[in-house]
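Trainee:
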Amino acid sequence: MGALAGLCRTCGFIAEQLGLDEVEELSVSGLLHDLGKVVLFQGFAEEFHYVRALVETRDLLFYQAEEQVFGAHHGLAGGWLLEKWTLPGKLVAPVSDHHDFRPHRSHAECTAVVHLADVLCRAEALGRGGDRKIPQLQPAAVKLLDLGMEEIRKIMERLDAELDDIPRM
Ligand SMILES: [Fe+2]
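Numbering (our numbering), first residue to last: 253 to 421.
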């Protein structure tokens, strides 16, 4: 639970740093970003265990192992569910695309925030995500948000200072 809270709050920090209007929406997307893992585990528990085994034996990121087993990762599964619930695209897109950022897609700015928050939280050991690796930060996402190293450093300092109630893994 701490990992979800960490990502939710990190999305808010990034949105505030960038002066975005969607602080609340981004916090909700952050909270829901890995919902697809729950969906896949509940619907396909046996296959989900095989995903875990692949992560261990082939040293893959969790979503890469999911792609091998299911042909799609948890982001797409979660986005599909949120779409069925008719939630707004601004909430759905960051969940669907947080492991596959593309600047031309709709709501790309919101997706870039959730993608960045996911990578920073992993780098800060705020959650494991089911694997031991840190996902690669997509340069196109950083470019779209127009973030320099100094701004990213400030966000990470805020994570250190304000997320000290969340245990590191
Ligand atoms: Fe994810």
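A virtual CB, placed ideally from N, CA and C, is assigned to each residue, including glycine.
The model shown is predicted, which means the values in this text are computed figures rather than measured ones.
Suppose you measure from the CA of Pro346 to the CA of Ala360; what does that come to, to the nearest Å?
Mentor: If you take the alpha carbons of Pro346 and Ala360, they lie about 8 angstroms apart.
Trainee: To the nearest whole angstrom, what separates the beta carbons of Gly288 and His326, a pair I think is in contact under 8 angstroms?
Mentor: Confirmed, about 3 angstroms.
Trainee: Looking only at its chain, what residues have a beta carbon closer than 8 angstroms to the beta carbon of Gly379, apart from the 5 residues adjacent to it on each side?
Mentor: Result list for Gly379: Gly254, Ala255, Leu256, Gly258, Leu259, Cys373, Met421, in chain order.
Trainee: Three-state secondary structure (DSSP) at Gln388?
Mentor: In this structure, Gln388 counts as coil in the three-state DSSP scheme.
Trainee: Do the region 287-304 and the region 403-411 touch if we need at least three Cβ pairs shorter than 8 angstroms?
Mentor: At 8 angstroms Cβ cutoff, the stretches do not touch.
Trainee: So, Phe314 versus Gly382, is the Cβ gap smaller than 8 angstroms?
Mentor: In contact: Phe314 and Gly382 (Cβ atoms closer than 8 angstroms).
Trainee: Hey, how far is the Cα of Leu411 from the Cα of Ala392?
Mentor: So the two alpha carbons sit approximately 23 angstroms from each other.
Trainee: Just the C-alpha distance for Leu328 and Gly271, rounded to the nearest angstrom, thanks.
Mentor: If I take the Cα positions, the gap works out to 28 angstroms.
Trainee: Report yes if the CB atom of Val371 is closer than 8 angstroms to the CB atom of Pro355, and no otherwise.
Mentor: No, the pair does not count as a contact, with Cβ atoms beyond the cut-off.
Trainee: Expressed to the nearest angstrom, what Euclidean distance is found between the alpha-carbon atoms of Ala377 and Glu414?
Mentor: Roughly 14 angstroms separates the two Cα atoms.
Trainee: With a CB to CB cut of under 7 angstroms and the five nearest residues on each side skipped, what residues in its chain are close to Ile418?
Mentor: These residues qualify, in order along the chain: Gly254, Ala257, Gly258, Leu378.
Trainee: Kindly indicate the opening and closing residues of the alpha helix (DSSP H) around Arg380.
Mentor: Neither: Arg380 is in no alpha helix (DSSP H) and is coded neither H nor E.
Trainee: Taking the straight line between their C-alpha atoms, what separation do you get for Gly331 and His351?
Mentor: So the alpha carbons of these two residues sit roughly 12 angstroms apart.
Trainee: Going by the CB atoms, is the gap between Val394 and Leu278 shorter than 8 angstroms?
Mentor: Cβ atoms of Leu278 and Val394: not closer than 8 angstroms.
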